[in-house]
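Protein chains: 2
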Amino acid sequence: MIVKGKNVVYRLDGKLYHCPMDITMKYIGGKWKAVVLWYLKGGTLRFAELKKRIPAITEKMLSIQLHTLEADGLIERKVYGSKPPVRVEYSLTEFGKTLIETLNAISKWGRNLGANRGELVELQEK
Amino acid sequence: MIVKGKNVVYRLDGKLYHCPMDITMKYIGGKWKAVVLWYLKGGTLRFAELKKRIPAITEKMLSIQLHTLEADGLIERKVYGSKPPVRVEYSLTEFGKTLIETLNAISKWGRNLGANRGELVELQEK
DNA sequence: CTGAATCCTCAACGATACTG
DNA sequence: CAGTATCGTTGAGGATTCAG
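Protein sequence lines, in the order shown, are assigned to chains A and B. At position 37 of the first sequence (counting the first as 1) the number is 37 in UniProt numbering, and the numbers step up by one without a gap. At position 25 of the second sequence (counting the first as 1) the number is 25 in UniProt numbering, and the numbers step up by one without a gap.
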């Protein structure tokens, strides 16, 4: 706990944090991580399935996010088969699942805003 | 609402979002905004008071964050006095207060992680 | 006291092509 | 299928100085 009036910080993985917000943001911040986690919250997904759900992401960025999330212990990567085409599945770890409540709160706020102030658009099939 | 199987997105301020996570992250993403909002959640604060609570931020970045948050309608800026030194106070707007639940969730997760995996450090006074 | 202005760096992000 | 390699771009963030 942060003690009022004291100059106290957290050290985590050798890095100092003055605020818990910072810590969480290290894990889900950036342009893509929260979105990837959001879709994995629904269950195991393969690379191409994630790409399909997040059309705007490039394969490179998706690859980087997945490796980062795995290194952070939030997701698990399972490879099936040794010769291409291989099958790779991604899913939340138990640690990653502790984020679900937080992810829900973030999504809920965005959904409300989109519903109240935004406009729904149906895209044409290409 | 996102309709399953349909290619539906939100349009908000002229920008398209495929995912509610994206929307929220536009408002609280980046290195500083969530932290600033977190401290303003506790009540009205002046520029120097915010700076004191977020030692790592530069005045430039704090200034930018505050203007961005104000432009997004999340915080309110009140100026007292016309001749320097002026007094400027920042506080959450009603719209900004709708984020409190989300901010709490984010902070809670970070606090738990800091408590479980991190280490508490007491800094020396300079 | 509260910033704005300037200049700078660097990491995140992106487009495209290629591969085990 | 699931990426990696390479190169290019962009913009967030930072250091410093100056101003109402």
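Just so it is clear, CB atoms sit at the ideal spot from N, CA and C, and this is done for glycine as well. Remember, predicted model here, so these are calculated numbers, not experimental data.
Closest by CA to residue i, which one among the options?
i	options	result
H18 of chain A	B:M21, B:K51, B:H18, B:K15	B:K51
H67 of chain B	B:L120, B:D22, B:E89	B:E89
I54 of chain A	B:K97, B:L103, B:V8	B:V8
F95 of chain B	B:P85, B:K41, B:E59	B:K41
R87 of chain B	B:S107, B:I23, B:T44	B:T44
V36 of chain A	A:L99, A:E119, A:G14	A:L99
S91 of chain A	A:I106, A:G118, A:E49, A:E101	A:E49
P85 of chain B	B:R46, B:R117, B:I23, B:A105	B:R46
A34 of chain B	B:A105, B:E122, B:G118	B:A105
L103 of chain A	B:K60, B:I23, B:L69	B:I23
A56 of chain B	A:L120, A:A56, A:L16, A:Y39	A:L16
W38 of chain A	A:L12, A:Q65, A:D13	A:Q65
T93 of chain A	A:N116, A:E101, A:L69	A:L69
residue 138 of chain B	A:K26, A:D13, A:G14	Outside the modelled stretch of chain B, which goes from 1 to 126, sits residue 138 of chain B, for which no answer is possible.
Note the first and the last residue of the continuous alpha helix (DSSP H) segment covering residue i.
i	result
L103 of chain A	100-117
K26 of chain A	20-28
Cβ closer than 7 Å: which chain A residues qualify as neighbours of residue i?
i	result
L66 of chain B	The premise fails here: L66 of chain B is roughly 16 Å from chain A at the closest Cβ pair, so nothing lies under 7 Å.
L55 of chain B	As written in the sequence, residue 55 of chain B is Pro, which differs from the Leu given in the question. Those are H18, listed as they occur along chain A.
What does residue i touch in chain B if you count any residue whose Cβ is under 7 Å from its own?
i	result
M21 of chain A	A34, V35, W38, I106, S107, G110
In terms of residues, what are the limits of the beta strand (DSSP E) holding residue i?
i	result
K97 of chain A	It is not in any beta strand (DSSP E) - K97 of chain A instead sits in the alpha helix (DSSP H) that spans 94-97.
K31 of chain B	K31 of chain B -> no beta strand (DSSP E), and no H or E assigned at all.
Give me the chain B residues within the contact set of residue i, using Cβ-Cβ distance strictly less than 9 Å, ordered along the chain.
i	result
V93 of chain A	The sequence given here has Thr at residue 93 of chain A, not Val. Neighbours of T93 of chain A on chain B: none; closest Cβ ~14 Å, over 9 Å.
M25 of chain A	I28, G29, G30, K31, A34, V35, I106, G110
Quick one: list the residues of chain A neighbouring residue i, beta-carbon separation under 8 Å, in chain order.
i	result
G114 of chain B	Y10, L12, Y17, P20, I23
Taking Cβ-Cβ distances shorter than 9 Å, what residues in chain A pair up with residue i?
i	result
L99 of chain B	W109
G118 of chain B	Y10, R11, L12, D13, Y17, I23
Along chain B, in chain order, which residues have C-beta atoms closer than 8 Å to that of residue i?
i	result
T102 of chain A	A105, I106, K108, W109
- [ ] Decide if the stretch 74-91 of chain A is in contact with the stretch 67-87 of chain B; the criterion is three or more beta carbon pairs, one per stretch, under 8 Å apart.
- [x] Segment contact: the stretch 74-91 of chain A against the stretch 67-87 of chain B, fewer than three CB-CB distances shorter than 8 Å; contact not assigned.
Task: Complete beta strand (DSSP E) runs within the stretch 39-87 of chain A (minimum length 3 residues, chain order) - done: Those beta strand (DSSP E) runs which fall completely within the stretch 39-87 of chain A and span 3+ residues are 75-80.
- [ ] Evaluate the contact criterion for the stretch 95-113 of chain A versus the stretch 29-36 of chain B: three or more CB pairs, one atom per stretch, below 8 Å.
- [x] With the rule of 3 Cβ pairs closer than 8 Å, the stretch 95-113 of chain A does not count as touching the stretch 29-36 of chain B.
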